[in-house]
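One structure is given here, and the rest of the page talks about it.
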Amino acid sequence: MNEKRAVFESMPVPKALRMLAGPTIISQLINLIYNAVDAIFIGQTGDAYKTAAVTLAFTIFMMNIAIANLFGIGGGSLIARLAGKGHTEKAKGISSFSFWASIGAAALYSLVIWIFMYQILYGLGASENTIVFARQYVTFVIVIGDIPLIISLTAAHLLRNTGYARQAGFGLSGGGLLNIALDPLFMFVIFPKGMEVAGAAVATLLSNVISAIYLVAVIIRVSKHAPISISPRDMKSIVLKDTKEVFTVGTPSALLPGLFDVANIFLNAFMAMHGDLQLAAIGIVMRIDRLPNAINIGICQGSLPLIAYNYASGNHERMSEVVKTARIYGIVVSLLSLALFQLAPGVLCGAFMRQGTAGDPAMAQATIVFAIRFLRLRSLSSFFPMLNYSTSYNLQAVGDGRDTFIHAVVRILGLYIPIMYLMNVLFGSDGLAVCYAISEALSSVFVLWLFRRWKKSHVKMGQDRA
């Protein structure tokens with residue numbers, strides 16, 4: 002544990018951040034790739050209806066990020082703070098509670114989706130052209146496969162916050178690489194023609210099962226000498242007040258992706274009013290747009306345990322250095338991505354929709370034209386999402402659930418959805434594509450003010466500004 006402690010306490014901040022964030026970024030990118038691969042392979046059919054169906058199903062899939070954040074980030078942040086104070090046994094109890102509570106939440110979510118699947122999919126904007134394909138994907142990935150998916154995501158959060166970012170990254174990355182390998186096998190060999198969406202879903206299910214098994218095995222192995230555990234016996238070391246602290250940070254951490262999922266429901270519904278091709282196009286764009294977000298969230302997740310540990314141990318100077326370093330890395334990534342999206346949108350969008358003889362070539366071409374225009378507009382947000390994610394994670398790391406909650410509500414309910422409605426009325430589908438950039442810019446100003454206010458209240462004057 003001395004080596005792990007050095008990462009948190011004495012290693013130069015850029016090196017420590019790279020050590021913790023590097024595996025996380027890699028796993029985020031590979032998971033981004035394997036989610037994109039489903040869409041890319043499905044796009045090779047040239048059928049925009051199947052692409053639109055996966056866009057709808059993806060909204061349901063992404064709600065799992067909220068569940069994993071509730072227990073993974075809520076529990077992980079508390080574990081890191083407890084470790085910073087030397088409370089190892091209590092940290093183990095929180096870890097076990099977070100793990101088993103996430104499984105219960107996953108079981109409940111999959112049950113609700115199973116019972117109300119048709120109502121939910123039609124409510125999200127499914128049409129008679131897309132409902133069959135959307136149902137295939139949701140049945141395998143969510144109804145059957147939600148528990149292993151949540152286990153993978155939550156276990157990775159818990160491992161990352163106890164210094165095992167490399168193992169967490171390997172588990173998620175391995176599952177992603179397996180999914181990439183299995184997709185063409187199940188879509189074009191095992192399943193018959195016309196069942197490509199179901200084949201992609203089964204490949205995703207199997208890869209999540211393997212990832213979950215690996216990450217659970219890692220936790221069991223390292224629990225002998227680390228503040229992490231999944232043994233129910235370790236929950237004896239905590240009381241009700243301790244579990245409430247998990248929800249103090251976990252709830253707003255879950256709220257943000259949950260609200261983004263709600264916002265995407267609105268976005269899909271508004272875009273579906275303009276046509277299935279526009280819906281398919283925005284689905285392509287949102288997958289491409291996840292590239293900088295995936296890297297930046299990896300940076301933020303890598304910085305969270307460093308910030309939490311040093312805040313709890315009283316080393317506020319090191320904490321501020323972590324904040325500044327992570328922010329600089331993220332802004333560089335965002336600006337490079339902006340250049341890529343503006344200069345080569347056709348190459349990126351074309352990878353998701355085949356224009357050859359499969360399907361309807363004219364329909365595929367029209368979908369790509371919409372996607373190129375939408376990508377150029379949506380990517381104007383540039384580095385503003387990074388400022389929002391970074392500052393929100395900083396507040397979560399120090400246990401400030403109230404301001405994290407306020408930011409999430411203002412970001413989505415106060416800005417994004419109202420601006421989305423207004424821009425749709427004024428500019429139609431193009432307005433829907435650009436509304437994200439406007440709302441993120443305004444939200445970043447608000448959250449930076451929240452964090453600066455927190456620092457004035459909790460960190461001594463004269464320290465380095467974040």
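Note that the working numbering has the sequence shown beginning at 2, numbered continuously upward.
Built from N, CA and C at the ideal position, the CB exists for glycine as well.
Span of the alpha helix (DSSP H) around threonine 140: For threonine 140, there is no enclosing alpha helix (DSSP H), as DSSP marks it with neither H nor E.
Nearest residue (CA-CA) to leucine 30, options Ile298, Leu449 and Leu381: Closest by alpha carbon: Ile298.
Beta-carbon within less than 7 Å of threonine 368's beta-carbon, same chain only, minus the 5 sequence neighbours each way: which residues are those? Correct list, in chain order: Ala49, Leu278, Ala281, Ala282 and Met354.
Which residues mark the beginning and the end of the alpha helix (DSSP H) in which valine 210 is found? Element bounds for valine 210: 197-223.
From Phe42, Thr46 and Met12, residue whose alpha carbon lies closest to that of proline 362: Checked all of Phe42, Thr46 and Met12; the closest Cα to proline 362 is Thr46.
Would glutamate 441 be called buried (16 or more neighbouring beta carbons within 10 Å of its own) or exposed? When all chains shown are included, glutamate 441 counts as buried.
Does the distance from the C-beta atom of serine 212 to that of glycine 175 stay below 8 Å? Result yes, Cβ atoms of serine 212 and glycine 175 sit closer than 8 Å.
With distances taken between CB atoms, is the gap from phenylalanine 452 to threonine 405 smaller than 8 Å? Their beta carbons are not under 8 Å apart, which means phenylalanine 452 does not touch threonine 405 by this criterion.
Rounded to whole angstroms, what is the Cα-Cα separation between alanine 108 and phenylalanine 261? Across the structure, alanine 108 and phenylalanine 261 are spaced so that their CA atoms are roughly 22 Å apart.
When you compare the region 87-98 with the region 55-62, are there three or more beta-carbon pairs, one atom per stretch, that lie closer than 8 Å? The region 87-98 makes no contact with the region 55-62; the number of CB pairs closer than 8 Å stays below 3.
Taking the straight line between their C-alpha atoms, what separation do you get for proline 306 and alanine 270? Straight-line Cα distance between these residues: approximately 38 Å.
Residues of its chain near isoleucine 26, where Cβ-Cβ distance is below 6 Å and the 5 sequence neighbours each way are ignored: If we look at isoleucine 26 and ignore the five residues flanking it on each side, its Cβ neighbours are Ile296 and Gly299.
Identify whether glutamine 45 lies in helix, strand or coil by the three-state DSSP scheme. In the structure shown, glutamine 45 sits in coil (DSSP, three-state: anything other than H, G, I, E or B).
For phenylalanine 100 versus alanine 156, is the C-beta spacing smaller than 8 Å? A contact, by the Cβ cut-off of 8 Å.
Might you give, ordered along the chain, the residues of its own chain that have their beta carbon closer than 6 Å to the beta carbon of isoleucine 439, omitting 5 neighbours on each side? Here the set comprises Ile420.
Evaluate tryptophan 83 with the Cβ neighbour count: other Cβ atoms within 10 Å of its Cβ, from every protein chain shown; 16 or more gives buried, anything less gives exposed. Note that residue 83 is leucine in the sequence shown, not tryptophan. Per the 10 Å Cβ criterion, buried.
Within the region 357-440, ranges of the beta strand (DSSP E) (whole runs, at least 3 residues): The region 357-440 contains no whole beta strand (DSSP E) run of 3 or more residues.
Can you tell me which of the three DSSP states phenylalanine 353 falls into? For phenylalanine 353, the secondary structure class from DSSP, reduced to helix, strand or coil, is coil.
Label threonine 358 either buried or exposed according to how many other C-beta atoms from any shown protein chain fall within 10 Å of its C-beta, with 16 as the threshold for buried. In this prediction, threonine 358 has a pLDDT of 42, which is less than 50 and means its spatial position is unreliable; what the coordinates show is noted afterwards. With fewer than 16 Cβ atoms within 10 Å of its Cβ, threonine 358 is classed as exposed.
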